[in-house]
Amino acid sequence: MGGHVDFEDLNLEFGYSCMPDRLHYFTKEENDFRMEVRNWCKDNVDPVIEKIDRERNKELAVETLKKMPYLDIILPRNAGGQGKGVIYRCIFGEELSAFSYAIASIFGASSCLFAGPIIEFGTPEQKEKYLSGIANGTKIGAIGITEPTGGSDAIGGMKLRAKKEDDHYILNGEKCFITNGSVADYICLYAITNDQVKKHQGMTAFIFETDTPGFEVIKDYKHMGRRGMPNSYLKFNNCKIPAENILHKENEGLEVLLFGLDGERTFTASQYLGLARSAFEVAYKYSHKREQFKRTLYSFEGISFKLSEMFSDIELYRIAMAQIARMLDNGYNCRVQVAGVKFRLADAAVRTAQEAIQILGGIGYSEEYPLERYYRDSKIGQISAGTVEILKYLISREMVRMWGK
Ligand SMILES: Cc1cc2nc3c(=O)[nH]c(=O)nc-3n(C[C@H](O)[C@H](O)[C@H](O)COP(=O)(O)OP(=O)(O)OC[C@H]3O[C@@H](n4cnc5c(N)ncnc54)[C@H](O)[C@@H]3O)c2cc1C
Numbered sequence: 046m047g048g049h050v051d052f053e054d055l056n057l058e059f060g061y062s063c064m065p066d067r068l069h070y071f072t073k074e075e076n077d078f079r080m081e082v083r084n085w086c087k088d089n090v091d092p093v094i095e096k097i098d099r100e101r102n103k104e105l106a107v108e109t110l111k112k113m114p115y116l117d118i119i120l121p122r123n124a125g126g127q128g129k130g131v132i133y134r135c136i137f138g139e140e141l142s143a144f145s146y147a148i149a150s151i152f153g154a155s156s157c158l159f160a161g162p163i164i165e166f167g168t169p170e171q172k173e174k175y176l177s178g179i180a181n182g183t184k185i186g187a188i189g190i191t192e193p194t195g196g197s198d199a200i201g202g203m204k205l206r207a208k209k210e211d212d213h214y215i216l217n218g219e220k221c222f223i224t225n226g227s228v229a230d231y232i233c234l235y236a237i238t239n240d241q242v243k244k245h246q247g248m249t250a251f252i253f254e255t256d257t258p259g260f261e262v263i264k265d266y267k268h269m270g271r272r273g274m275p276n277s278y279l280k281f282n283n284c285k286i287p288a289e290n291i292l293h294k295e296n297e298g299l300e301v302l303l304f305g306l307d308g309e310r311t312f313t314a315s316q317y318l319g320l321a322r323s324a325f326e327v328a329y330k331y332s333h334k335r336e337q338f339k340r341t342l343y344s345f346e347g348i349s350f351k352l353s354e355m356f357s358d359i360e361l362y363r364i365a366m367a368q369i370a371r372m373l374d375n376g377y378n379c380r381v382q383v384a385g386v387k388f389r390l391a392d393a394a395v396r397t398a399q400e401a402i403q404i405l406g407g408i409g410y411s412e413e414y415p416l417e418r419y420y421r422d423s424k425i426g427q428i429s430a431g432t433v434e435i436l437k438y439l440i441s442r443e444m445v446r447m448w449g450k
């Protein structure tokens, strides 16, 4: 006791050795599912996390994902899936992200963001053709919204054009920051199909196959965190796409995009929870073992109160998220609540990772502990799937819509 404590000596169980296995605000089936996913991740994800992060090893990350028996959780039963709702997706997102935020993000882009809109809007033929590969791990999906000229103002700045010619469209333009872009088989792609109207009335969602001639991966970005998750700059040079690959209806891509965003934000919120939980556990355990001034760090209120705040963020936001997930499963529109829990949890994850490093001091800043990875990983939550500022803007606009000025 007293010296720097080795990571191995903490006997961590990724966020749960200091919390009950059974959370009473989840059902028995949900808690059983949580434990099953956690045990699978302990055996299959834990051994490869460091390698994926240090080497930015996207091949290993994708290979690990493809082995997962949970890729079909959101697929309806009549399409061969497990037919689980948003609540299960959140449990899964939290558990997987407590181990690897990068792999969970590859899952999110493929099984939620690509497959989700097809489940909702796809024709029977589209469902048949595109969903089974995602569900059995032979195919990877992605979502393509962002462009160099359109980030927060994604639709206003969209320049990717799909020009109609007979029974197909010709695509020209670029997409940037596309998760899974360089490894994807399919992309749910948004393009402008009518220049004569406001952009949100002239945008269409397509299912794009990446073996189409003219598709080019310009580069994978080297991000500070979520290393191993491919995130790519893509170019479309005269790519021919059949009209039957329109998802939903021509010029009605906005409806598809808005549907997908709520699902994405709920899943990403659950990811921040997993990340925060792992950071909390390291700091909690360490603070009970490390001694200074002949006392454990935990015995100082300056340290234990930080942990009280971290624990409260995790516990209370998980309860809020579970409630929102159940409301979504029951068909309620929760756009404001989803935006709120997403930006709150994103901020909480950054704060938790940062405070956890502070609690460990110098060793927390080193690669001896995974806290520096959690800290690097956590930052993206405040940027992707709607920045903190844009989510607050969305809520401020909704407040005026609901209550006037
Ligand atoms: C790792 C990663 C993964 C991603 N994955 C995907 C993906 O799979 N598919 C996809 O389509 N996109 C993806 N994105 C893109 C992501 O959604 C955008 O980065 C995000 O929407 C912000 O856009 P931007 O980066 O262009 O920032 P900008 O829009 O240029 O914003 C810059 C800053 O200005 C602020 N700002 C902008 N407008 C306002 C305003 N009106 N009021 C106040 N502040 C404002 C923003 O909040 C931000 O802080 C990903 C990005 C990253 C980094």
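For what it's worth, this note's numbering labels the leading residue of the sequence shown as 46, then goes sequentially. Don't be surprised by glycine CBs; every beta carbon is placed ideally from N, CA and C.
By alpha-carbon distance to R134, the top candidate from N123, I97, G406, N76 is N76. Short note on T224: C-beta closer than 6 Å to some heavy atom of ligand 1.
Per DSSP, reduced to three states, the secondary structure at I263 is strand. Residue ranges of uninterrupted alpha helix (DSSP H) with 4 or more members, entirely inside the segment 344-412 and ordered along the chain, are 346-374, 380-405. Cβ neighbours of I94 within its own chain (closer than 7 Å, five residues either side excluded): F144, S145. The Cβ atoms of K111 and G226 do not sit closer than 7 Å to each other. With fewer than 16 other beta carbons inside 10 angstroms of its own, V242 counts as exposed. For N181, the enclosing alpha helix (DSSP H) covers residues 169-181. Excluding five sequence positions before and after F388, the CB atoms of its chain that fall closer than 6 Å to its own CB belong to V433, L436, given in chain order. Nearest in C-alpha terms to N296, of all of F325, P193, Y278, D240, is D240. According to the DSSP assignment, N239 belongs to no beta strand (DSSP E), since it is labelled neither H nor E.
The Cβ atoms of G218 and F260 lie no closer than 7 Å to each other.
Using a Cβ-Cβ distance cut-off of 8 Å, the segment 146-161 and the segment 310-322 are in contact, since at least three pairs of beta carbons, one from each stretch, lie closer than that value. Collapsing the DSSP output to three states places P121 in coil.
Counting along the chain, no alpha helix (DSSP H) covers L68, and no H or E run does either. Within the chosen limit of 6 Å, ligand 1 reaches the beta carbon of G196 through at least one heavy atom.
When beta bridges are read from the DSSP output, G189 appears opposite L234. Shortest gap from the CB of S429 to any heavy atom of ligand 1: under 6 Å. Under DSSP, S315 takes part in no beta bridge, so it has no partner. Contact check between the segment 408-424 and the segment 373-384: fewer than three CB pairs, one atom from each, fall below 8 Å, which does not count as touching. Assigned with DSSP and collapsed to three states, E295 falls in coil, not helix or strand. The three-state reading of DSSP puts G218 in strand, counting E and B together. Minimum Cα-Cα distance from D88 among the listed residues T109, E336, S349, P121 corresponds to T109. Shown here, P162 sits in a helix according to DSSP, grouped into three states. Apart from sequence neighbours up to five positions away, the residues of its chain that approach H213 with a beta-carbon distance below 8 Å are K285, I286, P287, A288, ordered along the chain. In the three-state scheme derived from DSSP, where H, G and I count as helix and E and B as strand, H268 is classed as coil. Residue environment for R271: buried (at least 16 other C-beta atoms within 10 angstroms of its C-beta). Note that the C-beta distance between M366 and A324 is not below 7 Å.
Secondary structure in the segment 85-123: the alpha helix (DSSP H) runs of 4 residues or longer, each lying completely within the stretch, are 94-100, 103-111 in chain order. Taking 7 Å as the cut-off, the beta carbon of L292 is found closer than this to the beta carbon of A250. Ligand 1 never approaches E192 closely enough for any of its heavy atoms to be under 6 Å from the residue's Cβ. Contact between K424 and V395 holds: CB atoms are separated by about 6 Å, below the 8 Å threshold. Inclusion of T432 in the 6 Å shell around ligand 1 follows from its C-beta lying nearer than that to a non-hydrogen atom of the ligand. The closest CA to that of A391, considering only L120, L105, E139, is found on E139. With contacts defined as CB atoms closer than 7 Å, M274 and I151 qualify as a contacting pair.
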